[in-house]
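Have a look at the structure below, then the notes.
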Amino acid sequence: MMGAYLFKRTLSLIITLIVASIVIFIMIEVVPGDPAAFMMGLSDNTEAANAVRTELGLDASAWQRYFTWIFGMTSGDFGISYTYRIPVSELIGQRLLVSVPLTLYSLILSTMIAIPVGIIAASRRGSFVDTVLMGLAQVGVAVPNFWFAIILVLFFSTSLGWFSAGGFLGWDAGFFQGLKALTLPAISLALPQAAILSRIMRSSILDVMDEDYIRTARAKGLSKNQALIDHGLRNAMIPVLTILGLQFSFLLAGGIIIESIFSLPGLGRLVFQSIAQRDLIVVKSIVTLLVFAVVMITFFVDMCYALVDPRLREGAQK
Amino acid sequence: MTKFPISLWVGLLMTILFVMAAAVSFFWTPYDVRELDIASRFIAPSFSHLFGTDHFGRDIFSMIMVGARNAIGVSLLAVGIGIMIGVPLGLWAAATRTYGGGFIDEILMRTNDLIFAFPSLLMAILITAVFGPSAINAIIAIGIFNIPVFARISRGAALSLSSKEYIMAARVSGKGMVRISYEHILPNILNLLIVQATIQFSIAIIAEASLSYVGLGSQPPDPSLGRMLNEAQTMIFFAPWLVYFPGGAIISMVVGLNLMGDGLRDLLDPKTNKAKEEDVVA
Amino acid sequence: MIRLIIIILSVIFYPNLLSAQNKITIGLQMEPPNLDPTAGAASDIDEVVYGNIFEGLVRIDQYGKIQSGLALSWDISKDGRSYVFHLAEGVKFHDGTDFDAYDVKFSFNRARAKNSTNAKKYIFKPIVMIDVFDSFTIMITLDHARSDFLFNIGLGDAVIVGEESAANNVYNPVGTGPFKFKRWIRGERIELIANDQYWGGAVWLERVTFKFITDPLSAYTAMMAGDIDAFPNYPAPENLFLFEIDPTFDVIVGLTAGETILSTNNKSAPFDNILVRRAMAYAINRQEIIDGAMFGNAVPIGSHFAPDHPYYVDLTALYTQNLTKARALLKEAGYEQGFTASLKLPPPIYARRTGELIAYQLAKIGIDLKIENMEWAQWIDQVLRHKNYDLTIVSHVEPMDIVIYANPNYYFGYDNKDFQKIIDDIDHSNDKAQTEKLYQEAQRKIADDAVNGYLFQLGKYGVWKKNLMGMWRNYPIRANVLRDVYFAEAQ
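Quick note, the sequences are listed as chains W, C and Z, same order.
Each position in the first sequence, counted from 1, maps to that position plus 1 in my numbering.
Each position in the second sequence, counted from 1, maps to that position plus 1143 in my numbering.
Each position in the third sequence, counted from 1, maps to that position plus 37 in my numbering.
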């Protein structure tokens, strides 16, 4: 039974990935403007522009370029950036060194806030504390993270001088230096995350508290909180973890604006600049990477659910 | 009539306030937002200019009214697209699964997942790079990402309803797939859709703000809250009102909508409101 | 452990390493796409490498004057066609190879080759012959006397590169300049270190870091916080005054070679009608634009020429704001009710702000402009390449670029035989007085024909720490030459 489901799901996955790659390729093809012209700037120099075009392999037909790209990717070769003339994989690698830690940092921060808040709010449901916490969460969700970033920079960099205003010296300048540079950005990203997560945490706990096994535990004499922590927390965490997993990819690219404000050499800014510079090879690769990451994560999450709950293998509700 | 939760009251009030301001802006604003008056720039909030003026001498209060109108307009249309396309798709998917082999359902759900997998801000930026920045393209970009949300919700709800007796009865009586979907299923998932719509609406407002912050979305001289924030960044040191008021407007609109959504959910959620079963339209 | 020993030894023998003063961090808004100024047009590249990593036969100083470079002196033949350059001896490239006349020949041939990606090939087109007399003497012969040749070879597109290293200059630039390339963390910064073997003598700075800060808010906070020492062209003129009132900073507003203009598509109706163009010129209020968009920090211009150049003639009085006249002209042209048109704007903030003001001003005479903000790639594609536009606002930062008006295929679409004759005469001119007269004629002609709307000269907003000396105050070319830069001792 499991085998059949696994097979079906894997097939589905591969088809999804292929379709995704075609969609991405077509989308990028449609983007007008070409990198060679962009590189020539205001100078009017068609001869030089054509020379650049040949150099970059832009003359080849669409099919040729698609297959070169796909086969290249499977062997880890993402091509050469039009703008920077270095391998795209190298560019992406450098940026990941900033974006991945930043994403993890903000996820950790938001979880550290969300879990206690969610638990407290749930255990004191309906009370003043609950209302205040959930009210704050409402505001937290509503705050645009770039607005929050500006305010943070204003207070902590300019007025207090605790943190540098931006930039990232690189991990070789010291681990704590690097962490310091990522702190304000991580907080800006973490705030709306924490707000959403705490609401989910709270409702997830409330759902769990209604479950039978909690009632049993309480009947056995455990206090409300003890019952929750010993038995319920693990199950309550499942929806939270699912969301966290999906947020990872979203944050990787969604940091575009934050990276811009804090001058961080991250993935989001790279893709943003590449779109502006028509460095389409970089754009293609990053979008593909992100899409693949999410599709794979969904796949694994589904696998885990299927392992745990046989009903899901029939391909019924999600 | 069941008691309205307080969140609903507050949310409704806030939302109506903004909608009214937006509506009024069609006919009247304290000052003309297209009038540039360099001599009157950077005036702090005062009696003549409630929220102050910007670097071109434009009245911030008037700009927020119009900006709110643009934000609401874009979000409304984007969510509208999501509902108009997403709900029928979801219902169809559910129907094919219940009655047919589920192949179409599979394709639709995979496509859904695919769209979900794409980082939305990035895609919106790409779309506007292809088609040029404008309010219309922002609507399309945000709308596209609303479709899978509504498709998934309607599908899920429709599937859970399809096992109910009255649906079975309708099938047995020979009613077609489409009729059943629209006569029996749709009215019962309406509440769910309404709640989700308010949430999506608030998400769309932030999305619109983000897009116009990076310059995609309503173009000048149409005021746009996100763009106002971007332009105000470097001037916050001597004109902080330029950042506080537009930011506050966005936050208030979103909070208002979310509160309304929460309130509606508490009001209409079958778990807390026993009236649900009897209200079924048979 | 070994690292520790090396560090201690280095400090003992090179105490300079401990001194924090000999390094500088400079903020730049635009990151160059690569580091070879001869392989594509980006003044962003020059801002990092010109005069620092790469040098040319001659160099342009901060006053726009030609100074000796790798060529210590030169003789020009009577007919103005041949230049004999006497090159500096004992110069080494950063990779240790020697510099000589063959490198000059190589560089120029590489630039003018068929497959060259040099954006200013026109500099090299007139070259008919390159003769290497000996290792340090080279003669270049042109098709005819050209008054701008010497200036042109002082530009970044004509720097001298080494035969062995040229191909890799895009990411590992090897030049003869006072600073060597150390590393480039893309998206973040470029690091240079002093060239101990520099033929021009020792320079004060040991380490240079160019930090890329695109966001204007970040530029402010970084500067205020002291994270960077200098912003040669600070991107936010609106809060410049906050630095002016702060005693720890110096604010020097200089000029660039950037004429900010309202480019008009002379080939597209109704802009092909001179009456319409003149009407627009009468509707524009330059001072309002300078105050509103540049916060007072710009110089108005009446034609396409830099105000600080000796050949400049002030034509700002030719068209001053006169709405009655403007409306009358429009009526005469048959557009009493006005008309609608598009205004395509590239990303720079000066273009966006100026655009809103222009739209507002022209609306007063009935011209309704629809603003279309776009990125550079779109702008270059639609406006520059395909000339698919009505109006746009951009700053032309190349020095002495009034010659573009002689090209009927340039995106202005201005095709005027009289003007082309003037430029042709300048090309062949061998006499300074004659050249000056011709340039003035050229300025008058395009102002009179109202080819474009002439707005203001883009300023250079230099902000740096008070004790920093030697920074360029103007941008006759977009370069940040650091050879003479140093921190004065704090008193």
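Just so it is clear, CB atoms sit at the ideal spot from N, CA and C, and this is done for glycine as well.
The structure displayed is predicted, hence computed values, not measured ones.
Under 7 Å Cβ to Cβ from residue i, same chain only, skipping five residues before and after it: list those, please.
| i | result |
| --- | --- |
| residue 134 of chain Z | 199 and 201 |
| residue 139 of chain Z | 169 |
| residue 1390 of chain C | 1372 |
| residue 362 of chain Z | 319 |
| residue 172 of chain Z | 137 and 138 |
Near residue i, what residues of its chain come up, given a Cβ to Cβ distance below 6 Å and the 5 sequence neighbours on each side ignored?
| i | result |
| --- | --- |
| residue 56 of chain Z | Since pLDDT at residue 56 of chain Z reaches only 49, below the 50 mark, its modelled position is unreliable, and the value read off the structure follows with that caveat. Nothing meets the Cβ criterion. |
| residue 91 of chain Z | 196, 212 and 214 |
| residue 1339 of chain C | 1296 |
| residue 1248 of chain C | 1236, 1239 and 1240 |
Can you check whether the CB of residue j is closer than 7 Å to the CB of residue i?
| i | j | result |
| --- | --- | --- |
| residue 1301 of chain C | residue 1352 of chain C | no |
| residue 460 of chain Z | residue 443 of chain Z | yes |
| residue 498 of chain Z | residue 257 of chain Z | no |
| residue 283 of chain W | residue 21 of chain W | no |
| residue 235 of chain Z | residue 340 of chain Z | no |
| residue 379 of chain Z | residue 297 of chain Z | no |
| residue 123 of chain W | residue 206 of chain W | yes |
| residue 193 of chain W | residue 146 of chain W | yes |
| residue 160 of chain Z | residue 206 of chain Z | no |
| residue 75 of chain Z | residue 146 of chain Z | no |
| residue 512 of chain Z | residue 293 of chain Z | yes |
| residue 510 of chain Z | residue 191 of chain Z | no |
| residue 1284 of chain C | residue 1270 of chain C | yes |
| residue 1294 of chain C | residue 1233 of chain C | yes |
Looking at the secondary structure, which residues open and close the alpha helix (DSSP H) in which residue i lies?
| i | result |
| --- | --- |
| residue 1218 of chain C | 1203-1242 |
| residue 159 of chain Z | Unbroken run through residue 159 of chain Z: none, as it is neither H nor E. |
| residue 63 of chain Z | Counting along the chain, residue 63 of chain Z falls outside any alpha helix (DSSP H), though it belongs to the beta strand (DSSP E) covering 60-65. |
| residue 260 of chain Z | 253-262 |
| residue 89 of chain W | 89-124 |
| residue 483 of chain Z | 469-485 |
For the beta strand (DSSP E) that contains residue i, what are its first and last residues?
| i | result |
| --- | --- |
| residue 296 of chain Z | 286-301 |
| residue 123 of chain Z | 119-124 |
| residue 431 of chain Z | 428-433 |
| residue 494 of chain Z | 490-502 |
| residue 409 of chain Z | 404-410 |
| residue 172 of chain W | That residue, residue 172 of chain W, is in no beta strand (DSSP E); it is neither H nor E in DSSP. |
| residue 109 of chain Z | 108-113 |
7 Å is my cut-off, CB to CB: does residue i come that close to chain B?
| i | result |
| --- | --- |
| residue 133 of chain W | This model lacks chain B altogether, as its protein chains are W, C and Z. |
Only counting the same chain, and skipping five residues up and downstream in sequence, which positions put a Cβ closer than 8 Å to that of residue i?
| i | result |
| --- | --- |
| residue 526 of chain Z | 504 |
| residue 245 of chain W | 108, 112 and 198 |
| residue 1417 of chain C | Because residue 1417 of chain C sits at a pLDDT of 33, beneath the cut-off of 50, its placement in the model cannot be relied upon, and the point is left open. |
| residue 60 of chain Z | 242, 243, 244, 245 and 246 |
| residue 142 of chain Z | 167, 169 and 175 |
| residue 1384 of chain C | 1187, 1188, 1194, 1195 and 1203 |
Hey, residue i and residue j are a contact pair by Cβ (cut 8 Å); roughly how many whole angstroms apart?
| i | j | result |
| --- | --- | --- |
| residue 275 of chain W | residue 187 of chain W | So it is not a contact: roughly 24 Å between Cβ atoms. |
| residue 430 of chain Z | residue 375 of chain Z | Actually they are not in contact, since the Cβ atoms of residue 430 of chain Z and residue 375 of chain Z sit about 20 Å apart, beyond 8 Å. |
| residue 128 of chain Z | residue 107 of chain Z | 7 Å |
| residue 1181 of chain C | residue 1200 of chain C | 6 Å |
| residue 82 of chain Z | residue 193 of chain Z | 7 Å |
| residue 489 of chain Z | residue 353 of chain Z | Actually they do not touch by this definition, with Cβ atoms about 14 Å apart. |
| residue 1365 of chain C | residue 1150 of chain C | Not a contact, Cβ separation roughly 33 Å. |
Between the stretch 60-92 of chain W and chain Z, which residues of the former have CB atoms less than 8 Å from a CB of the latter, in chain order? 84, 85, 86, 87 and 92
Name the residues in the stretch 1352-1380 of chain C whose C-beta lies less than 7 Å from a C-beta of chain W; which are they? 1352, 1353, 1356, 1357, 1372, 1376 and 1379
Residues of the stretch 1274-1306 of chain C with Cβ closer than 8 Å to any Cβ of chain W, in chain order: 1295, 1299, 1302 and 1303
Residues, ordered as in the chain, of the stretch 1174-1203 of chain C that lie near chain Z by beta-carbon distance below 7 Å: 1179, 1181, 1198 and 1199
Give, in chain order, every residue of the stretch 196-210 of chain Z whose Cβ lies closer than 9 Å to some Cβ of chain W. 207 and 208
What residues from the stretch 1254-1273 of chain C come within 7 Å of chain W, judged by C-beta to C-beta, listed N to C? 1256, 1257, 1260, 1261, 1262, 1264, 1265, 1268, 1269, 1272 and 1273
Residues in the stretch 119-143 of chain W having any Cβ partner in chain C nearer than 7 Å: 139, 140, 142 and 143
Interfacial residues, the stretch 1389-1408 of chain C to chain W, with Cβ spacing under 7 Å: 1390, 1393, 1394, 1397, 1398, 1401 and 1402
With 8 Å as the limit, tell me which residues of the stretch 281-295 of chain W have their beta carbon closer than that to any beta carbon of chain Z; keep them in chain order. none
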